[in-house]
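Quick note, the sequences are listed as chains A and B, same order.
Residue numbers for the first sequence follow numbering that gives the first Met the number 0, beginning at 0 and rising by one.
Residue numbers for the second sequence follow numbering that gives the first Met the number 0, beginning at 0 and rising by one.
Right, one structure below, let's go through it.
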Amino acid sequence: MEYEAVPGRITSGPRGAKPRRTLSRRNIVVYGTLFVVALYYLLPLYVMIMTSLKGMPEIRIGNIFAPPIEITFEPWVKAWAQACTGLNCDGLSRGFWNSVRITVPSVIISIAVASVNGYALANWRFKGADLFFTILIIGAFIPYQVMIYPIVIVLREMGVYGTLTGLIIVHTIFGMPILTLLFRNYFAGLPEELFKAARVDGAGFWTIYFKIMLPMSLPIFVVAMILQVTGIWNDFLFGVVFTRPEYYPMTVQLNNIVNSVQGVKEYNVNMAATLLTGLVPLTIYFISGRLFVRGIAAGAVKG
Amino acid sequence: MTGQTRGSARPNQWLRNLNAKIASIPMILTAVVIFVGGTAWTVLYSFTNSKLLPRLSFVGLDQYERLWAAPRWLISIENLAIYGFFSLIFSLVIGFVLAALMDQKIRFENTFRTIMLYPFALSFIVTGLVWQWLLNPQYGIQSIVRSLGWTNFNFDPLYNSDIVIYGILIAALWQGTGLVMCLMLAGLRGIDEDIWKAARVDGIPMWKTYVLVIIPMMRGVFITTLVIIASGIVKVYDLVVAQTSGGPGIASEVPAKYVYDYMFQAQNLGQGFAASTMMLVTVAIIIVPWAYLEFGGGRKRA
Chain A
0 MEYEAVPGRI TSGPRGAKPR RTLSRRNIVV YGTLFVVALY YLLPLYVMIM
50 TSLKGMPEIR IGNIFAPPIE ITFEPWVKAW AQACTGLNCD GLSRGFWNSV
100 RITVPSVIIS IAVASVNGYA LANWRFKGAD LFFTILIIGA FIPYQVMIYP
150 IVIVLREMGV YGTLTGLIIV HTIFGMPILT LLFRNYFAGL PEELFKAARV
200 DGAGFWTIYF KIMLPMSLPI FVVAMILQVT GIWNDFLFGV VFTRPEYYPM
250 TVQLNNIVNS VQGVKEYNVN MAATLLTGLV PLTIYFISGR LFVRGIAAGA
300 VKG
Chain B
0 MTGQTRGSAR PNQWLRNLNA KIASIPMILT AVVIFVGGTA WTVLYSFTNS
50 KLLPRLSFVG LDQYERLWAA PRWLISIENL AIYGFFSLIF SLVIGFVLAA
100 LMDQKIRFEN TFRTIMLYPF ALSFIVTGLV WQWLLNPQYG IQSIVRSLGW
150 TNFNFDPLYN SDIVIYGILI AALWQGTGLV MCLMLAGLRG IDEDIWKAAR
200 VDGIPMWKTY VLVIIPMMRG VFITTLVIIA SGIVKVYDLV VAQTSGGPGI
250 ASEVPAKYVY DYMFQAQNLG QGFAASTMML VTVAIIIVPW AYLEFGGGRK
300 RA
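Shown next as structure tokens:
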């Protein structure tokens, strides 16, 4: 990786076409620092992978940085299918499917609601709308803990407390501020003539949304999707508060598996389970690259 | 649609833009019922002696007196203060320094950025569990250093109640600095190249240009980042649960965990409401000046 530090390259003398020196003291400081920092960030991932591929005897004798002498995938199998939480011993697989069943509808519903909302705010301004929007944005800063119990009551009254439906509603609610902001700003940035022309042609609210806005805004939908998928998948608090154990999302189940007090701690299984839980957001992160950065920059308020 | 039969005759004020209003119902409900209503409800019930169920029997400031007399709450506040102070300083400093390094027209910028930001994609639970493992004194960093010959080396923050909060801080910084770096880098990229040229012509050393020119110019970015970090600090919960569960003893408790435990475990709703109201106050103290700077006092550019 340290291309600059490779010896044997022409590194000194003002003779070459390029006047910039590659091995200047400044470069060594810059790349050296970044290299050390990169190691610090990568270390936990490395240790997780190494630990998850070792057997328990090897963990007890060896250090956590040593690569496994004998690679075994048994911890992964166990974490996925056999690890115990409470009375159930069917591993993380249940939590994984719960998370899928929570994330998919939450993402679709919250984006559908917020995009229409942002569109209304950007193009169909009505009296008072800005006030509600301001409240919504300020509301995003209020700690969730303040609103949790009233929501429990509302969900209980609706008869969906403890179910997946209830949790999907909660994710939609808390996704609303940032997603609406995202879509409102995007739609407001589109040329107004487009909207006006469609109006002159007699297109209404929904026609303009589906025929003009939606096709033009695929990138922002992707950003919103990345933001929501990672956010909802990584959620812990709402999962713990608003669902019953059989519906626990993967994060909650993971915490219960690793931090359970009884029994011998199987660090290799724990690390395999942790990696399994991190796999979905990591995959999205590595695939989406710059779009992820845009998404989190927009959604940082939510975290 | 149902309203059209009545409203078509005279242009009713309420029916103008009806579709937009219908589309905004979820937003209006969320804003009014959940954010305003829910917050008001919690604040109101924090003055009652609700135990297992919310009851409207007012007891004045009793819950707050009890709260501020509870050792566990005081430790939570102290932890939050330490964690908040250091995480603000370190995130900003490390984030800015990394961004400044990344801004030197380096090779592999993408690779470095990817590496620094990936922890942010992970759940706090995942982060907490990894660092629980790395900081495990029997197998983790402590045992490695000891096996290298420093047999008296002690580094077991998660098992030492005096320094446990710093153990949590390490994990938090690992997860969060990448984001700060990205925000700062965006801020640096927004600064005109000519500023750098002018500084170079004047012979001002680089570090001085950063401190005296660039950082003051990035005031907006710094404030935004500060607000983002600060509101995250107040909410810190998952990380503590995953790393220490509040232990050893109650040494790493934080306010968000206090709220959860009193509402859903100890069945002492009044305490939970009072504690969450205190969290609300803390956030308000951060947000109000920011909102004033950002939106009040005339329109300034961001």
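All C-beta atoms in this analysis are idealised placements derived from N, C-alpha and C, irrespective of residue type, glycine included.
Since the model is a prediction, treat every value here as computed from it, not as a measurement.
Beta-ladder partner(s) of residue i, from DSSP
i: A:Asn87; result: A:Thr84
i: B:Thr47; result: B:Phe57
i: A:Thr242; result: A:Gly161
Distance, residue j Cα to residue i Cα
i: A:Ile309; j: A:Ser109; result: Any question about residue 309 of chain A goes unanswered here, given that chain A covers just 0 to 302.
i: B:Arg218; j: A:Thr32; result: 26 Å
i: A:Ile137; j: A:Val103; result: 27 Å
i: A:Val221; j: A:Ala111; result: 12 Å
i: B:Gln242; j: B:Ile76; result: 18 Å
i: A:Ile101; j: B:Met101; result: 38 Å
i: B:Gly6; j: A:Pro190; result: The predicted model places B:Gly6 with a pLDDT of 43, which falls under 50 and marks its position as unreliable, so this point remains unresolved.
i: A:Gln144; j: A:Tyr246; result: 21 Å
i: A:Ala328; j: B:Ile21; result: Any question about residue 328 of chain A goes unanswered here, given that chain A covers just 0 to 302.
i: A:Leu217; j: A:Ala113; result: 14 Å
i: A:Gly15; j: A:Tyr30; result: Note on A:Gly15: pLDDT 47, under 50, position unreliable in the model; the coordinate value appears next. Cα to Cα, the separation comes out at about 22 Å.
i: A:Ile177; j: A:Thr133; result: 12 Å
i: A:Gly188; j: B:Pro118; result: 32 Å
i: B:Leu28; j: B:Gly36; result: 10 Å
i: A:Phe204; j: B:Val32; result: 26 Å
i: A:Ile58; j: A:Pro43; result: 16 Å
i: B:Leu97; j: A:Ala271; result: 31 Å
i: A:Ile207; j: A:Gly54; result: 60 Å
i: A:Phe241; j: B:Leu268; result: 16 Å
i: A:Pro28; j: B:Gln103; result: The residue you asked about is not Pro; residue 28 of chain A is Val in the sequence shown. Near 11 Å, if we compare the C-alpha coordinates of B:Gln103 and A:Val28.
i: A:Asn87; j: A:Phe194; result: 55 Å
i: A:Thr162; j: A:Arg243; result: 7 Å
i: B:Thr176; j: B:Ile285; result: 20 Å
i: B:Arg54; j: B:Tyr259; result: 19 Å
Beta-carbon gap between residue i and residue j smaller than 8 Å
i: A:Gly85; j: A:Leu253; result: no
i: B:Leu292; j: B:Gly127; result: no
i: B:Phe154; j: B:Gln141; result: yes
i: A:Met146; j: B:Thr150; result: no
i: A:Ser105; j: A:Met249; result: no
i: A:Gly117; j: A:Arg183; result: yes
i: B:Ile114; j: A:Tyr40; result: yes
i: B:Leu43; j: A:Ile141; result: no
i: A:Phe64; j: B:Ile169; result: no
i: B:Phe34; j: A:Leu166; result: no
i: B:Leu172; j: B:Ser45; result: no
i: B:Met183; j: B:Gly94; result: yes
i: A:Pro74; j: A:Val268; result: yes
Residue i: contacting residues in chain B (beta-carbon distance under 9 Å)
i: A:Gly161; result: Residues of chain B passing the Cβ test: none, with the nearest at roughly 12 Å.
i: A:Ala37; result: Thr110, Phe111, Ile114 and Met115
i: A:Ala296; result: Leu178, Cys181, Leu182 and Ala185
i: A:Met270; result: Leu128, Val129 and Trp132
Amino acids of chain A, ordered along the chain, whose beta-carbon sits closer than 7 Å to that of residue i
i: B:Thr29; result: Leu135, Ile172 and Met175
i: B:Ala22; result: Val115, Asn116 and Ala119
i: B:Asn16; result: Trp123 and Phe125
i: B:Gly139; result: Ile63
Chain-ordered neighbours of residue i on chain B, where CB pairs are closer than 8 Å
i: A:Leu193; result: By Cβ distance, chain B contributes nothing, its closest Cβ being about 17 Å from A:Leu193, past 8 Å.
i: A:Ala128; result: Ala19 and Ser23
i: A:Phe131; result: Ser23, Met26, Ile27, Ala30 and Val31
Closer than 7 Å at the beta carbon, the chain B residues around residue i
i: A:Gly138; result: Ala30 and Phe34
i: A:Tyr284; result: Tyr117 and Ala120
i: A:Phe186; result: By Cβ distance, chain B contributes nothing, its closest Cβ being about 12 Å from A:Phe186, past 7 Å.
i: A:Val257; result: Leu128
Per-residue contacts from residue i into chain A (C-beta, under 9 Å)
i: B:Trp67; result: Going along chain A, no residue has its Cβ under 9 Å from B:Trp67, so there is no contact; the nearest lies around 18 Å.
i: B:Asn267; result: Correct list: empty, because the minimum Cβ distance to chain A is about 12 Å.
i: B:Trp206; result: Simply none; closest approach about 12 Å.
What are the residues in the stretch 208-239 of chain B lying within 7 Å of chain A by C-beta distance? Ile227, Ser230, Gly231, Val233, Lys234, Tyr236 and Asp237
Output, in sequence order along the chain, the residues in the stretch 175-191 of chain B whose CB is closer than 9 Å to any CB in chain A. Gly175, Thr176, Gly177, Leu178, Cys181, Leu182 and Ala185
Check distances from the C-beta atoms of the stretch 74-87 of chain B to those of chain A and list, in chain order, the residues that come in under 7 Å. none
Interfacial residues, the stretch 84-110 of chain B to chain A, with Cβ spacing under 9 Å: Ile93, Val96, Leu97, Leu100, Met101, Gln103, Ile105, Arg106, Phe107, Asn109 and Thr110
Taking a Cβ distance cut-off of 8 Å, strictly less, list which residues of the stretch 144-168 of chain B are near chain A, in chain order. Of all residues in the stretch 144-168 of chain B, those with a C-beta nearer than 8 Å to a C-beta of chain A are Ser146, reading in chain order.
Closer than 9 Å, Cβ to any Cβ of chain B: which residues of the stretch 140-167 of chain A, in chain order? Here the close residues are Phe140, Ile141, Pro142, Tyr143, Gln144, Val145, Met146, Ile147, Tyr148, Pro149, Ile150, Val151, Ile152 and Val153.
Listed in chain order, which residues of the stretch 119-136 of chain B have Cβ atoms closer than 9 Å to some Cβ of chain A? Answer set for the stretch 119-136 of chain B: Phe119, Ala120, Leu121, Ser122, Phe123, Ile124, Val125, Thr126, Gly127, Leu128, Val129, Trp130, Gln131, Trp132, Leu133 and Asn135.
If contact means a Cβ-Cβ distance below 8 Å, which residues of the stretch 31-58 of chain A contact chain B? Thr32, Leu33, Val36, Ala37, Tyr39, Tyr40, Leu41, Leu42, Pro43, Leu44, Val46, Met47, Thr50 and Ile58
Select from the stretch 204-235 of chain A all residues with a C-beta closer than 9 Å to any C-beta belonging to chain B, and list them in chain order. Phe204, Trp205, Tyr208, Thr229, Trp232, Asn233, Asp234 and Phe235
Mind listing which residues of the stretch 269-284 of chain B have their C-beta closer than 9 Å to chain A's C-betas, in chain order? Gly271, Phe272, Ala274, Ser275, Thr276, Met278, Leu279, Thr281, Val282 and Ala283
When you check each C-beta in the stretch 80-113 of chain A against every C-beta of chain B, which residues fall closer than 9 Å? The residues in question are Val112 and Ala113.
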